[in-house]
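In the numbering used here, the protein residues as written are 55 to 320. Ideal placement from N, C-alpha and C gives every residue a C-beta, glycine not left out. Owing to the predicted nature of the structure, the values given are computational and were not obtained by experimental measurement.
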């Protein structure tokens, strides 16, 4: 029976050619859709490289004239950076807080589009520096977002142990150093630059969101309060990212009450 059906189809192949072509196109379209869905599913299942569970962003603002407690800049004894550092320390002491950090252009999912050139310090002067996404962070940032090194260990202790002003992603290391470890190696802004920066650590792959693959990026480290104050003087406090990780059990609808309870300490 089957043999007879195939014989009929073959004998009428001339008139059924368009049907075969249409079936082939439909099959090809379905195959492409399935392939795209499988790739998207695979990407979605990959680690993000950070964890925002119990993490909140606190918006920083300056008091305007007419608001109780307002003081003009001419009467202030401290800088914006010093005030921001004090505010962060006051919040850190609260029993509900696990960790808090200050950063710039580094809030997950809303990453600011900041890119900066970097090239290997030992590269030939003819080599053109590439642009990479740059995040400006203090060291507690890695604890707040639970960022790990390429071996899966917590990143902050590694950064604190090593000398350097940069932490780079494993994709960055792979692209510039081609499988060679880059910890302790140096980078420059561009090939003819005379100033260098040392890499302190390598992170696990970092993705912008669940639907994108990881790409090379790096972190510019602010290790001291003095560096934070200097950064704030250029960026302004209200443009900084203040991220706080609350302890387990804290609920999102409790944040307003928590900040209200902090009162004058803020």
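Cutoff 8 Å; reference residue i; Cβ partners in own chain excluding five residues on either side
i	result
residue 287	133, 134, 135
residue 161	111, 295, 297
residue 151	145, 298, 299, 300, 301
residue 108	152, 299, 300, 301, 302, 304
residue 258	101, 103, 201, 202, 203, 204, 206, 223, 224
Collapsed DSSP secondary structure at residue i in the structure displayed
i	result
residue 178	coil
residue 300	strand
residue 89	helix
residue 116	coil
residue 137	helix
The alpha helix (DSSP H) enclosing residue i, as first and last residue numbers
i	result
residue 196	194 to 198
residue 311	309 to 316
residue 242	Residue 242 -> not in any alpha helix (DSSP H); beta strand (DSSP E) instead, spanning 240 to 242.
residue 147	Segment: none, residue 147 is in no alpha helix (DSSP H) and carries neither H nor E.
residue 289	279 to 289
Nearest residue (CA-CA) to residue i, options the options
i	options	result
residue 274	221, 197, 185, 75	221
residue 175	96, 248, 228, 310	248
residue 255	269, 187, 168, 208	208
residue 105	308, 300, 317, 310	300
residue 292	78, 114, 100, 94	114
residue 177	78, 246, 309, 284	246
residue 268	166, 308, 81, 98	98
residue 167	179, 189, 148	189
residue 351	198, 310, 315, 116	The first residue shown for the chain is 55 and the last is 320, placing residue 351 beyond what the model contains.
residue 181	80, 241, 92	241
residue 93	290, 313, 265	265
Chain-order list of residues whose beta-carbon lies under 7 Å from that of residue i (same chain, five-residue window excluded)
i	result
residue 192	155, 156, 157, 276, 282
residue 163	263
residue 226	186, 270, 271, 272
Sequence-distant residues of the same chain with beta carbon closer than 6 Å to residue i, five excluded per side
i	result
residue 171	183, 185, 243, 244
residue 218	252, 253, 254
Bridge partner(s) assigned by DSSP for residue i
i	result
residue 169	187
residue 223	257
residue 262	According to DSSP, residue 262 bridges with nothing at all.
residue 202	208
Bounding residues of the beta strand (DSSP E) (the contiguous stretch that carries residue i)
i	result
residue 111	109 to 112
residue 157	151 to 158
residue 251	251 to 257
residue 272	271 to 276
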